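**Q** In UniProt numbering, the protein residues as written are 1 to 283. Glycine included, C-beta positions come from ideal geometry on N, C-alpha and C. All values reported here derive from a predicted model rather than from experimental measurement.
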Amino acid sequence: MFGRWNFGQSVRQVQTRVNPDCGLNAQGSRAVDCLRLLSFNIQVGINTRHYGHYLTRSWQHLLPHSGRIQNLQRIGELLHQYDLVALQEVDGGSLRSGHINQVEHLARLGHFPYWYQQLNRNLAPLAQHSNGVLSRFQPECLEDHSLPGVPGRGAILLRFGHPTQALVVVMMHLALGARERNRQLAYIRDLIAPYPQRILMGDMNTHAKDLLEHSPLKELNWQPPSILATFPSWRPKRNLDHILLSPGLVLKQAEVLPHPISDHLPVAVEIGLPESLTAYSPC
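What follows is the structure, encoded as structure tokens:
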């Protein structure tokens, strides 16, 4: 009944799921000269507008709620503007989500041809705690990593292009505690170190300065990240959600979006299209 409770790290080679509603050979409506990235902790579709809602709406973490579909619709309308999306705190299709796989549902709403759900805590039938990826580009390689520490944290690695010139993207939701989080970051550092073009995306549960100056990531080179606050969404004070870029990538724009749908605000970045993706046509 209960899955993903191993106390070490593990990795699986997996395949993206394909959205049958999206034509895989359809050309995008824009010039293919940039890559638009978004990371969003959606809190399983719960709309939180002040701290009191953590108490009064806590039941929505276990039981279905009629407003959840409307919230997912709003999220889907936002996501369709982006090419590669990292989702945290999504449900894989249990009682609380009305048995809707929220990653698949958002792929359909945003017209993404490729998606993957990483199940990290399987509390079926009550909850299926997950991360998710939505993409307009099919990765050459997709890996599902459980992270070290207390079970329930994971990362998804995507590789685009030939291994020697690849763009590697890792999407994650890290632990709250500093010691455990640094163990997870050390694991991720070792995964990405061989690649010159790197992107990290997700809810990292700590500030950018801590990540770049006091964590294992300091051993690699990174561009100065956005330091705009993302949490709590109704009065942002902490920058917990990040998209980190290696120096060779061309940053065009970085912003935190004023969309207080969850308790986190989404963070978005636009970069010049890496050479490893020039052979791809986004759907």
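Just list the residues that DSSP pairs residue 132 with in beta bridges.
**A** Looking at the DSSP assignment, residue 132 forms a beta bridge with 87, 117.
**Q** Mind checking who residue 173 pairs with in its DSSP beta bridge?
**A** According to DSSP, which records beta bridges pairwise, residue 173 is partnered with 203.
**Q** Can you tell me the Cβ-Cβ gap for residue 174 and residue 153, rounded? I've got them flagged as a contact below 8 Å.
**A** Indeed they touch by this definition, with Cβ atoms about 6 Å apart.
**Q** Pick helix, strand or coil for residue 162, following the three-state DSSP scheme.
**A** The answer is coil: DSSP assigns residue 162 none of H, G, I, E or B.
**Q** Measuring alpha carbon to alpha carbon, tell me which of 73, 38, 238, 231 ends up nearest residue 345.
**A** There is simply no residue 345 to check, as the chain begins at 1 and stops at 283 in what is shown.
**Q** Residue 268 bridges to which residues according to DSSP?
**A** Paired residue(s): 38, 255.
**Q** What's the gap between the Cα of residue 139 and the Cα of residue 122?
**A** Cα to Cα, residue 139 sits roughly 26 Å from residue 122.
**Q** Excluding sequence positions up to five away, which residues of its chain have a Cβ less than 6 Å from the Cβ of residue 263?
**A** 43, 48, 232, 233, listed in sequence order.
**Q** Looking only at its own chain, which residues have a Cβ that is under 6 Å from the Cβ of residue 84, when we skip the five neighbours before and after it?
**A** So the qualifying residues of the chain are 37, 135.
**Q** If you measure between the beta carbons of residue 112 and residue 277, is that distance less than 8 Å?
**A** Not in contact: residue 112 and residue 277 (Cβ atoms no closer than 8 Å).
**Q** What is the C-beta distance between residue 242 and residue 225, in whole angstroms, given that I count them as a contact (C-beta under 8 Å)?
**A** Residue 242 to residue 225, Cβ: 6 Å. Contact.
**Q** Name the one or two DSSP bridge partners that residue 143 has.
**A** Looking at the DSSP assignment, residue 143 forms a beta bridge with 13, 157.
**Q** For a quick check, are the C-beta atoms of residue 247 and residue 257 less than 8 Å apart?
**A** Result no, Cβ atoms of residue 247 and residue 257 do not sit closer than 8 Å.
**Q** Over the uninterrupted alpha helix (DSSP H) stretch that includes residue 242, give me the two end residues.
**A** Residue 242 -> not in any alpha helix (DSSP H); beta strand (DSSP E) instead, spanning 241-245.
**Q** Specify the secondary structure class of residue 217 as computed by DSSP and reduced to three states.
**A** Helix at residue 217.
**Q** Taking all protein chains shown into account, decide if residue 21 is buried (16 or more other Cβ within 10 angstroms of its Cβ) or exposed.
**A** It is exposed - the Cβ of residue 21 has fewer than 16 other Cβ atoms within 10 Å.
**Q** If you draw a straight line from the C-alpha of residue 18 to the C-alpha of residue 115, how long is it?
**A** C-alpha separation (whole angstroms): 6 Å.
**Q** Measuring alpha carbon to alpha carbon, tell me which residue in 12, 33, 41 is nearest residue 259.
**A** Answer by Cα proximity: 41.
**Q** When DSSP builds the beta bridges, which residues end up paired with residue 197?
**A** According to DSSP, which records beta bridges pairwise, residue 197 is partnered with 167.
**Q** Just to confirm my understanding: we take residue 82, look at its own chain, exclude 5 residues before and 5 after, and list those with CB closer than 6 Å. What are they?
**A** Once the five neighbours on either side are set aside, the close Cβ partners of residue 82 are 36, 38.
**Q** Please look up how many angstroms separate the CB atoms of residue 120 and residue 156, rounded, as I've assumed it's under 8 Å.
**A** That belief does not hold up - the Cβ atoms of residue 120 and residue 156 are roughly 10 Å apart, past 8 Å.
**Q** Less than 8 Å between the beta carbons of residue 148 and residue 102, yes or no?
**A** No, the Cβ-Cβ distance between residue 148 and residue 102 is not below 8 Å.
**Q** Helix, strand or coil for residue 238, going by three-state DSSP, please let me know.
**A** Strand, per DSSP.
**Q** Determine the closest residue to residue 165 out of 195, 73, 200, with distance taken between C-alpha atoms.
**A** Taking only the C-alpha atoms, the option nearest residue 165 is 195.
**Q** Give me, in chain order, the residues of the same chain whose beta-carbon lies closer than 8 Å to that of residue 14; leave out the 5 immediate sequence neighbours on both sides.
**A** Cβ neighbours of residue 14 beyond the five flanking positions: 116, 142, 143, 144.
**Q** Just confirm the distance between the C-beta atoms of residue 223 and residue 245, as a whole number of angstroms; I'd bet it's less than 8 Å.
**A** Rounded, the Cβ-Cβ distance is 5 Å, consistent with contact.
**Q** Report the residue from 181, 163, 150, 98 whose alpha carbon sits nearest the alpha carbon of residue 128.
**A** The shortest C-alpha separation from residue 128 is found at 98.
**Q** Pick out whichever of 100, 219, 230, 275 has its Cα sitting closest to the Cα of residue 190.
**A** If we check each option's Cα against that of residue 190, 219 comes out closest.
**Q** With 16 other CB atoms within 10 Å as the buried threshold, where does residue 371 fall?
**A** Residue 371 lies beyond the range of the chain shown here (1 to 283); nothing can be said about it.
**Q** Roughly how many angstroms lie between the CA atoms of residue 68 and residue 74, to the nearest whole one?
**A** Answer to the nearest angstrom: the Cα atoms are 10 Å apart.
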